[in-house]
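J.: One structure, as structure tokens, below. Some questions next.
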């Protein structure tokens with residue numbers, strides 16, 4: 001098990017030999033062997049003993065803390081990478097407008113291609129849904145990514161593509177779920193809540209790997225620099241939003257694994273919130289999506305999305321250090 005997700009509140013985590021002991025109200029509720037553990041993701045209010053934190057840091061295991069609704073709070077990581085040369089190169093590439101525009105174009109183009117591929121794949125089984133207009137528009141927008149010579153222009157194309165894509169995406173949903181556009185902070189409906197929750201999980205995975213590699217996660221190429229925002233993590237997840245999270249949400253909703261009745265409004269707050277059962281269902285299926293093996297068409301090799309994430313980070317490192325071309329992930333329809 002590479003990842004442990006803790007969704008209950010009031011847990012105390014302690015170390016016992018090479019196991020993590022979970023206690024609640026003074027009683028042991030579970031013991032989890034560490035073995036191949038890479039990360040722990042904690043939702044809500046839980047505590048870790050100092051001894052366990054020290055042990056996890058020594059083994060290179062990161063711990064991420066999220067709110068009960070999935071908003072990222074902070075991450076405890078082992079010692080920051082000493083790769084100062086990578087960070088220096090990253091800042092140099094950021095100041096190189098040609099490099100920055102080039103890699104941003106690559107990211108935006110791959111994201112739109114993957115959005116279109118997801119729609120094509122799902123429409124095959126939904127012949128009653130006409131997405132031709134949206135598919136044609138997205139195809140044209142892929143070509144339009146070649147036109148802008150600046151980041152603002154690329155972001156403009158990306159914005160139009162996302163609006164077009166999500167309007168079509170909503171037509172593929174079943175089970176009484178309604179969705180017309182992407183909204184967040186807070187998510188106003190169950191589908192937006194599911195998407196936001198999934199994106200935060202993916203964002204967290206990239207943040208940990210990028211930091212471990214030695215990147216400055218706050219300095220992105222496509223997304224602008226903003227105090228406290230890990231822009232590079234957001235850059236890196238763009239081409240995986242559709243193949244992983246959007247596809248997962250469609251699967252859970254259309255298969256009836258998560259139902260609209262499992263969402264409610266929090267008293268005194270805006271937005272939809274999923275119940276604990278829905279959250280656990282989402283997390284278990286997210287892990288399956290990230291670890292399921294599949295054939296990667298471009299390489300002909302068996303892989304999984306967690307390995308794709310790692311390969312993307314290593315590919316970015318090569319691109320930054322060597323001024324090489326960055327290769328995104330392209331999802332086949």
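Numbering (our numbering), first residue to last: 1 to 333.
All C-beta atoms in this analysis are idealised placements derived from N, C-alpha and C, irrespective of residue type, glycine included.
With residue 329 as the anchor, note down where its alpha helix (DSSP H) starts and where it stops.
T.: Looking up residue 329 in the chain shown gives position 329. Here residue 329 belongs to no alpha helix (DSSP H), and DSSP marks it neither H nor E.
J.: Less than 8 Å separating the beta-carbons of residue 265 and residue 257?
T.: As a working note, residue 265 is residue 265 in the chain shown. As a working note, residue 257 is residue 257 in the chain shown. No; because the gap between Cβ atoms is not below 8 Å, this pair is not in contact.
J.: Where does residue 65 fall in DSSP's three states?
T.: Indexing the chain shown from 1 puts residue 65 at position 65. If DSSP states are grouped into helix, strand and coil, residue 65 belongs with the strands.
J.: In or out: residue 409 buried (at least 16 other Cβ within 10 Å) or exposed?
T.: Residue 409 is absent from the model: the chain starts at 1 and stops at 333.
J.: Does the Cβ-Cβ distance between residue 294 and residue 303 come in under 8 Å?
T.: Here residue 294 refers to the residue found at position 294 of the chain shown. Here residue 303 refers to the residue found at position 303 of the chain shown. Closer than 8 Å, so yes.
J.: Run the CB neighbour count on residue 190, radius 10 Å, all protein chains shown included, and call it buried at 16 or more, exposed below.
T.: Position 190 of the chain shown, counting from 1, holds the residue named residue 190. Its Cβ being crowded by 16 or more others within 10 Å, residue 190 is buried.
J.: Do you know whose CA, among 283, 249, 263 and 291, lies nearest residue 118's CA?
T.: Reading the chain shown from its first residue, position 118 is the one you call residue 118. Measuring from the Cα of residue 118, the nearest candidate turns out to be 249.
J.: Can you tell me the Cα-Cα spacing of residue 332 and residue 298, whole angstroms?
T.: Mapped onto the chain shown, residue 332 falls at position 332. Mapped onto the chain shown, residue 298 falls at position 298. Going from the Cα of residue 332 to the Cα of residue 298 covers about 10 Å.
J.: Have a look at the DSSP bridge pairing and note the partners of residue 274.
T.: Here residue 274 corresponds to residue number 274 of the chain shown, with the count starting at 1. According to DSSP, which records beta bridges pairwise, residue 274 is partnered with 263.
J.: How would you call residue 230, buried or exposed, if buried means at least 16 neighbouring beta carbons within 10 angstroms?
T.: Here the question's residue 230 lines up with position 230 in the chain shown. By the 10 Å Cβ count, residue 230 comes out buried.
J.: Could you tell me which residues DSSP puts in a beta bridge with residue 303?
T.: For the purposes of this step, residue 303 is taken as residue 303 along the chain shown, with counting starting at 1. Looking at the DSSP assignment, residue 303 forms a beta bridge with 294.
J.: At 4 residues or longer, what runs of the alpha helix (DSSP H) sit wholly inside the stretch 195-253?
T.: 231-237, all fully within the stretch 195-253.
J.: With residue 91 and residue 219 assumed to form a contact (beta carbons below 8 Å), what rounded beta-carbon distance in angstroms separates them?
T.: Counting from 1 along the chain shown, the entry for residue 91 is found at position 91. Counting from 1 along the chain shown, the entry for residue 219 is found at position 219. Between residue 219 and residue 91 the Cβ distance is about 7 Å, and since that is below 8 Å, they are a contact.
J.: Grouping DSSP H, G and I as helix and E and B as strand, with all else coil, what is residue 71?
T.: Within the chain shown, numbered from 1, the residue matching residue 71 stands at position 71. In this structure, residue 71 counts as coil in the three-state DSSP scheme.
J.: Can you tell me which of 158, 129, 61 and 96 puts its alpha carbon nearest to the alpha carbon of residue 170?
T.: The count along the chain shown starts at 1 and reaches residue 170 at position 170. Residue 129 is the option with its Cα nearest to residue 170.
J.: Span of the beta strand (DSSP E) holding residue 41?
T.: Start at 1 with the first residue of the chain shown, and residue 41 comes out as number 41. Element bounds for residue 41: 39-43.
J.: Which of helix, strand or coil does DSSP assign to residue 309?
T.: Taking the chain shown and counting its residues from 1, the one referred to as residue 309 is at position 309. The answer is helix: DSSP assigns residue 309 an H, G or I state.
J.: Got a sec, what are the start and stop residues for the alpha helix (DSSP H) residue 116 sits in?
T.: Within the chain shown, residue 116 is the residue found at index 116, counting from 1. That run of the alpha helix (DSSP H) goes 97-123.
J.: With contact counted as at least three CB pairs below 8 Å, one residue from each stretch, are the stretch 159-168 and the stretch 29-49 in contact?
T.: Contact between the stretch 159-168 and the stretch 29-49 is absent, because fewer than three Cβ pairs lie under 8 Å.
J.: Can you tell me which of the three DSSP states residue 147 falls into?
T.: Numbered from its first residue, the chain shown carries residue 147 at position 147. Three-state result, residue 147: coil.
J.: Within 10 angstroms of the Cβ of residue 97, are there 16 or more other Cβ atoms? Answer buried if so, exposed if not.
T.: In the chain shown, the residue the question calls residue 97 occupies position 97. Counting Cβ neighbours within 10 Å, residue 97 comes out exposed, since fewer than 16 surround it.
J.: Tell me, to the nearest whole angstrom, how far the beta carbon of residue 192 is from that of residue 178; I am working on the premise that it is less than 8 Å.
T.: By 1-based counting over the chain shown, the position of residue 192 is 192. By 1-based counting over the chain shown, the position of residue 178 is 178. Rounded, the Cβ-Cβ distance is 11 Å, inconsistent with contact.
J.: Comparing alpha-carbon positions, which option in 120, 13 and 327 lies nearest residue 52?
T.: In the chain shown, counting from the first residue as 1, residue 52 sits at position 52. If we check each option's Cα against that of residue 52, 13 comes out closest.
J.: Once you ignore the five residues that flank residue 261 on each side, which residues in its own chain have a CB closer than 6 Å to its CB?
T.: Within the chain shown, the letter at position 261 stands for residue 261. Answer for residue 261: no residue qualifies.
J.: Does residue 290 pass the burial test, meaning 16 or more other C-beta atoms within 10 Å, or should it be called exposed?
T.: Taking the chain shown and counting its residues from 1, the one referred to as residue 290 is at position 290. So residue 290 ends up on the buried side.
J.: Where residue 32 and residue 47 are concerned, what is the direct C-alpha to C-alpha distance, given to the nearest angstrom?
T.: Position 32 of the chain shown, counting from 1, holds the residue named residue 32. Position 47 of the chain shown, counting from 1, holds the residue named residue 47. Approximately 16 Å between the Cα atoms of the pair.
J.: Anyone know if the C-beta pair for residue 112 and residue 138 falls short of 8 Å?
T.: Looking up residue 112 in the chain shown gives position 112. Looking up residue 138 in the chain shown gives position 138. A contact, by the Cβ cut-off of 8 Å.
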